[in-house]
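A.B. asks: Have a look at this one.
In our numbering, the protein residues as written are 6 to 149.
Below, the structure written as C-alpha cells:
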C-alpha cells in the first residue's frame with residue numbers, strides 16, 4: 006500500500022511518502038498553508054496513489070492532547086470533506102504521535118549541514134518531520 010504523511014503546521018505542511026512493501030519514508034515538497042493546501046493535499050494523494058493518510062498527532066510532554074491536537078483533528082476533517090466534495094476517495098486515515106519530531110528533524114538535518122532560515126522557510130524541516138512521523142508509523146503499524 007502507498008502512504009502519504011503530513012506534519013500539519015500553521016504556515017507549512019511537511020509531506021512524506023512511502024510504499025509499505027519497502028517501508029522507507031521519503032520526503033516530498035512542503036505544502037504552504039496559503040488557502041490552496043487542501044487542493045494540494047488532494048493532488049498529492051492522487052499523484053502518489055496513496056491509500057493511507059498519516060497525520061502527526063501533537064501532544065504535550067505529559068502525552069495529553071493540546072490546542073494544536075484539536076487543530077490537526079479539525080484539519081483532517083476539512084481534508085475529508087474536501088475530498089468528498091471533489092469526488093475523490095477518502096484514504097484510510099491514521100494519527101501518529103509526533104512528539105518532538107520537529108526538534109529531532111532539525112537535529113538530524115543539522116548534522117549534515119548548518120540549517121539556514123531559508124531552509125526552514127522552504128519546508129525542509131517540515132518534510133523531515135513528516136518523514137519521522139511516517140517512519141514511526143511504518144515501524145509500529147500492523148501492515149499487510
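No residue lacks a Cβ here, since even glycine has one placed at the ideal position from N, Cα and C.
Can you give me the Cβ contacts of residue 114 inside the same chain, cut-off strictly under 7 Å, excluding the 5 residues immediately before and after it?
C.D. replies: Any reading at residue 114 must be qualified, since the residue scores a pLDDT of 48, below 50, and its modelled position is unreliable; the value itself is stated next. Around residue 114: 120, 129, 130 and 133.
A.B. asks: Determine the DSSP secondary structure at residue 103, reduced to helix, strand or coil.
C.D. replies: It is coil, neither helix nor strand.
A.B. asks: Measure the alpha-carbon distance for residue 110 versus residue 40 and round it to whole angstroms.
C.D. replies: A caution first: residue 110 carries a pLDDT of 48, below 50, which makes its placement in the model unreliable, though a value can still be read off. Cα to Cα, residue 110 sits roughly 26 Å from residue 40.
A.B. asks: Whole angstroms is fine: what's the gap from residue 139's alpha carbon to residue 64's?
C.D. replies: 17 Å
A.B. asks: For the segment 43-50 against the segment 74-89, do three or more pairs of beta-carbon atoms, one drawn from each stretch, fall closer than 8 Å, so that the two count as touching?
C.D. replies: yes
A.B. asks: Give me the residue from 136, 22, 102 and 91 with the minimum Cα distance to residue 67.
C.D. replies: 102
A.B. asks: Roughly how many whole angstroms lie between the Cα atoms of residue 75 and residue 18?
C.D. replies: 16 Å
A.B. asks: If you draw a straight line from the C-alpha of residue 143 to the C-alpha of residue 30, how long is it?
C.D. replies: 8 Å
A.B. asks: Excluding the 5 residues preceding and the 5 following residue 15 in the sequence, name in chain order all residues of the same chain whose CB lies nearer than 7 Å to its CB.
C.D. replies: 38
A.B. asks: Closest to residue 93 by C-alpha separation, out of 55, 22, 23 and 8, would be which residue?
C.D. replies: 55
A.B. asks: May I ask you to report which of helix, strand or coil DSSP gives residue 144?
C.D. replies: Judged by DSSP in its simplified three-state form, residue 144 adopts helix.
A.B. asks: Can you tell me whether residue 98 is helix, strand or coil according to DSSP?
C.D. replies: strand
A.B. asks: Assign residue 11 to one of two classes, buried (16 or more other C-beta atoms within 10 Å of its C-beta) or exposed (fewer than that).
C.D. replies: buried
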